[in-house]
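Sequential numbering from 1 applies to the sequence shown in full-length UniProt numbering.
Cβ coordinates follow ideal geometry from the N, Cα and C atoms, glycine included.
This structure is a prediction, so every number in the text was calculated from the model and none was measured.
Worksheet: one structure, shown below.
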Amino acid sequence: MGGKRTAIVTGGSSGIGMAISRKMAENGVDVTILGRREKALQEAADQLGGDIHWIRADVTSPTDVETAVKSVVERTGVVDILINNAGASGAVTTQMPLGEAEKIWDEVIDVNLKSVFLMTVAAAPHLRRPGGRIVNISSIAAYTGGSSKGSLAYAAAKAGIHGLTFSAARELGGEGITVNAIAPGLIDRTRFFAGGVTEERLKQVSAQAAAGRVGLPEDIAAAVWYLVSPEASYVTGEILNVNGGWLFGR
Ligand code: NAP
Numbered sequence: 001m002g003g004k005r006t007a008i009v010t011g012g013s014s015g016i017g018m019a020i021s022r023k024m025a026e027n028g029v030d031v032t033i034l035g036r037r038e039k040a041l042q043e044a045a046d047q048l049g050g051d052i053h054w055i056r057a058d059v060t061s062p063t064d065v066e067t068a069v070k071s072v073v074e075r076t077g078v079v080d081i082l083i084n085n086a087g088a089s090g091a092v093t094t095q096m097p098l099g100e101a102e103k104i105w106d107e108v109i110d111v112n113l114k115s116v117f118l119m120t121v122a123a124a125p126h127l128r129r130p131g132g133r134i135v136n137i138s139s140i141a142a143y144t145g146g147s148s149k150g151s152l153a154y155a156a157a158k159a160g161i162h163g164l165t166f167s168a169a170r171e172l173g174g175e176g177i178t179v180n181a182i183a184p185g186l187i188d189r190t191r192f193f194a195g196g197v198t199e200e201r202l203k204q205v206s207a208q209a210a211a212g213r214v215g216l217p218e219d220i221a222a223a224v225w226y227l228v229s230p231e232a233s234y235v236t237g238e239i240l241n242v243n244g245g246w247l248f249g250r
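Spelled out as structure tokens, the structure:
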């Protein structure tokens, strides 16, 4: 894998995606970040420096996804690394009227799961063979069902990412492409929890985690950096828990 590698990071303008983009840019990767908010993308690109490009794209839209991938490929010729990181929560509970629950279900499944499917199918023909890497960002909620009520759709979407990861690893493995997922625990300093994480919650999770603290976006970026390295070519179809030992053994 000589020369400069190229990457696409969905949701790269904030939180975990931004830390992943920073890690890669610092290590000489040409990174294109995708997201819906143009101003945030522009600001993140300015802050990150390095070889950072951005494209406004809603990853739930097949048209946006196709256009974005096409535009990256026109510029770079090949995609070495695809990081499917964009995602969002949305509360769906059994107490809701079905119509309301279904609407939020569809939104949560679209942004967390369908987006991974769309990006994977759009980018797959352009991934480097051999050497291509896909990393999907899942969640500890895929195993626990979420730590609060209302996680029906989110937990299902994230567990769905695991199935997709296994299947894509099988499909692309013969061409020298690895597909893995990372299941983060509680990661502070992102936009994920509207209004931030309460002090009480931070203390609670820190006490339950073997590492004695909550996670930071950089913890996930470090794990991604391993999975996209040439040395990780024999690791595929794996779900890597990065949760400080909040939950392990699966
Ligand atoms: P975040 O700061 O809110 O980042 C989410 C990113 O996704 C944003 O950059 C957002 O940008 C982008 N995004 C959302 N919807 C999109 C869409 N339809 N099209 C394109 N981009 C979209 O939160 P984060 O914590 O870094 O989350 C990153 C990933 O980690 C998510 O998949 C999340 O489920 C997962 N995760 C987070 C935690 C945690 O504790 N923070 C734990 C486990 C898993 P725009 O709004 O501009 O589109």
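As assigned by DSSP and simplified to three states, the class of residue i
{"i": "Val9", "result": "strand"}
{"i": "Thr178", "result": "strand"}
{"i": "Met1", "result": "Low confidence applies to Met1: its pLDDT is 46, below 50, so where it sits in the model is not reliable, and the reading given next is rough at best. Three-state result, Met1: coil."}
{"i": "Thr190", "result": "coil"}
{"i": "Thr120", "result": "helix"}
{"i": "Ile140", "result": "coil"}
{"i": "Gly35", "result": "strand"}
{"i": "Asp110", "result": "helix"}
{"i": "Asp30", "result": "strand"}
{"i": "Val65", "result": "helix"}
{"i": "Arg75", "result": "helix"}
{"i": "Val135", "result": "strand"}
{"i": "Leu247", "result": "coil"}
{"i": "Arg22", "result": "helix"}
For residue j and residue i, the rounded distance between their alpha carbons
{"i": "Arg170", "j": "Leu247", "result": "27 angstroms"}
{"i": "Glu74", "j": "Gly196", "result": "39 angstroms"}
{"i": "Ala68", "j": "Ala207", "result": "42 angstroms"}
{"i": "Glu66", "j": "Val78", "result": "15 angstroms"}
{"i": "Gly131", "j": "Thr94", "result": "44 angstroms"}
{"i": "Gly150", "j": "Thr190", "result": "20 angstroms"}
{"i": "Thr165", "j": "Ala156", "result": "14 angstroms"}
{"i": "Met1", "j": "Pro97", "result": "Low confidence applies here, because Met1 scores a pLDDT of 46, under 50, leaving its location unreliable; read the following figure in that light. Each residue's alpha carbon lies about 53 angstroms from the other."}
{"i": "Ser61", "j": "Asp106", "result": "13 angstroms"}
{"i": "Ile220", "j": "Ile239", "result": "13 angstroms"}
Test item: CB-CB of residue i and residue j under 7 angstroms
{"i": "Leu48", "j": "Val135", "result": "no"}
{"i": "Ile81", "j": "Arg133", "result": "yes"}
{"i": "Thr10", "j": "Ala86", "result": "yes"}
{"i": "Ala168", "j": "Thr236", "result": "no"}
{"i": "His126", "j": "Ala142", "result": "no"}
{"i": "Ser13", "j": "Ala57", "result": "no"}
Integer Cβ distance of residue i from residue j, believed to fall under 8 angstroms
{"i": "residue 251", "j": "Leu34", "result": "Missing from the structure shown is residue 251; the chain here goes from 1 to 250 and no further."}
{"i": "Val59", "j": "Ser115", "result": "4 angstroms"}
{"i": "Ala44", "j": "Met18", "result": "6 angstroms"}
{"i": "Pro184", "j": "Ile16", "result": "7 angstroms"}
{"i": "Val224", "j": "Ile83", "result": "6 angstroms"}
Strand pairing of residue i, partner residues [DSSP]
{"i": "Val214", "result": "BP columns for Val214 are empty, so no partner."}
{"i": "Ser151", "result": "Val92"}
{"i": "Val242", "result": "Pro184"}
{"i": "Asn84", "result": "Asn136"}
{"i": "Arg56", "result": "Gly35"}
Test: residue i CB closer than 7 angstroms to a CB of chain C
{"i": "Ala157", "result": "Among the chains in the structure shown there is no chain C, since it carries only a single protein chain."}
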